[in-house]
Structure formats: C-alpha cells, structure tokens
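> The following block contains the structure, expressed as structure tokens.
Residue numbers (the numbering used here): 2 to 169.
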C-alpha cells in the first residue's frame with residue numbers, strides 16, 4: 002500500500018516486523034509518560050496478534066519510523082467488523098511531513114478491505130495535537146448530526162481470585 006504523499010510508502014507489517022513495531026510503540030508510550038511492558042513483551046504480543054485475523058499493522062519507512070495498529074471486532078450494528086485504530090505513531094523527527102496522514106489513509110483502506118464500515122479512534126482529551134490531526138482528516142468526536150460529545154469509559158479488570166464455586 003502506498004499513500005498519496007511522496008516518500009510515504011506504507012506497507013502491511015507481519016509477525017517478522019514485531020520487534021521493530023514494538024520498539025516504536027514502546028517509544029510512543031515513553032514519549033508521553035505512559036507505562037510500557039517493554040519491547041520484548043510487546044514484540045511477543047504483536048507477533049501473535051499479527052499472525053491471526055484480529056489485527057493489522059501498517060508501517061512507514063525503512064527502517065520503520067511510523068506505525069498504525071488496527072484491531073477488528075464483530076458488532077451487531079453492521080455486517081462487517083468495526084475497526085479500532087489502536088495506535089498511530091510517527092517518531093518525533095519525522096512528524097509534519099505527511100507520514101501520519103499516509104498511515105491513517107492506509108489504515109482506512111485496510112479497514113475497508115476487511116469490510117469495516119466504521120473506524121474508531123480513542124484520543125486523550127488533553128492531546129490537542131492528535132484531536133486536530135484527526136479532525137483535519139474528517140473524524141468527529143460525536144455522532145454525526147448530534148451535538149452531544151461522546152465519552153470513552155474504561156475499567157481495569159485485573160485478575161480476580163477464584164470464586165467459591167472454583168475452590169471445590
């Protein structure tokens with residue numbers, strides 16, 4: 002796949018790219034002060050994810066300087082899956098040159114190829130640069146035609162001790 006921007010050749014990554022992608026994603030989290038399980042753990046997880054049908058990774062640069070990671074889930078609201086752009090990252094020295102837009106364009110194409118009708122993206126509220134980037138590319142933070150914003154909620158589940166029925 003290639004984006005419409007010069008020098009922005011985007012290709013689909015496979016399990017063999019897991020370590021390079023893990024380095025990028027680890028750098029992404031560290032850049033923004035977020036915890037990371039480390040390159041080795043990320044590489045192992047990416048290798049397994051990319052070997053199956055539930056995820057697609059895209060990479061730009063050789064060596065890789067940007068990554069987009071998509072996951073797919075079934076939904077009752079459409080015939081195809083819903084795609085979630087889990088991560089989109091371009092190393093700081095290569096930003097503002099169209100690589101992020103090329104990755105996003107390729108992610109949209111990959112989602113369409115899988116039959117997705119919707120691409121979701123979660124953005125931290127205080128990340129004004131990311132919000133501007135996605136809005137510039139046509140994304141909205143609510144349902145079209147409605148003025149109410151949408152909110153993302155999450156709860157870490159952790160591991161629960163076995164219930165009484167499991168102790169027999």
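Every residue gets a Cβ at the ideal spot worked out from N, C-alpha and C, and that includes glycine.
Predicted, not measured: the structure shown is a model, and the values here were computed from it.
For residue 153, which residues in the same chain have their Cβ closer than 7 Å to its Cβ, ignoring the five residues on either side in sequence?
123.
> Which residues does DSSP pair with residue 33 in a beta bridge?
None; residue 33 has no bridge partner.
> Need the endpoints of the beta strand (DSSP E) that residue 182 sits in, please.
Beyond the ends of the chain as shown, which are 2 and 169, falls residue 182; an answer cannot be given.
> Among 128, 98, 68, 129, whose alpha-carbon lies nearest the alpha-carbon of residue 14?
Residue 68 is the option with its Cα nearest to residue 14.
> If we ignore side chains and look at the alpha-carbon of each, how far apart do residue 151 and residue 142 end up?
The alpha-carbon atoms of residue 151 and residue 142 are separated by roughly 6 Å.
> Between residue 72 and chain D, is there a C-beta pair that is closer than 8 Å?
The displayed structure is made up of one protein chain only, and chain D is not part of it.
> Is residue 11 helix, strand or coil when you go by DSSP?
Looking at residue 11 - three-state DSSP - the assignment turns out to be strand.
> Can you tell me which residues form a DSSP beta bridge with residue 57?
In the DSSP output, where bridge partners are listed per residue, residue 57 has 71.
> Residue 111 to residue 78, Cα distance in whole Å?
Distance between the alpha carbons of residue 111 and residue 78: 20 Å.
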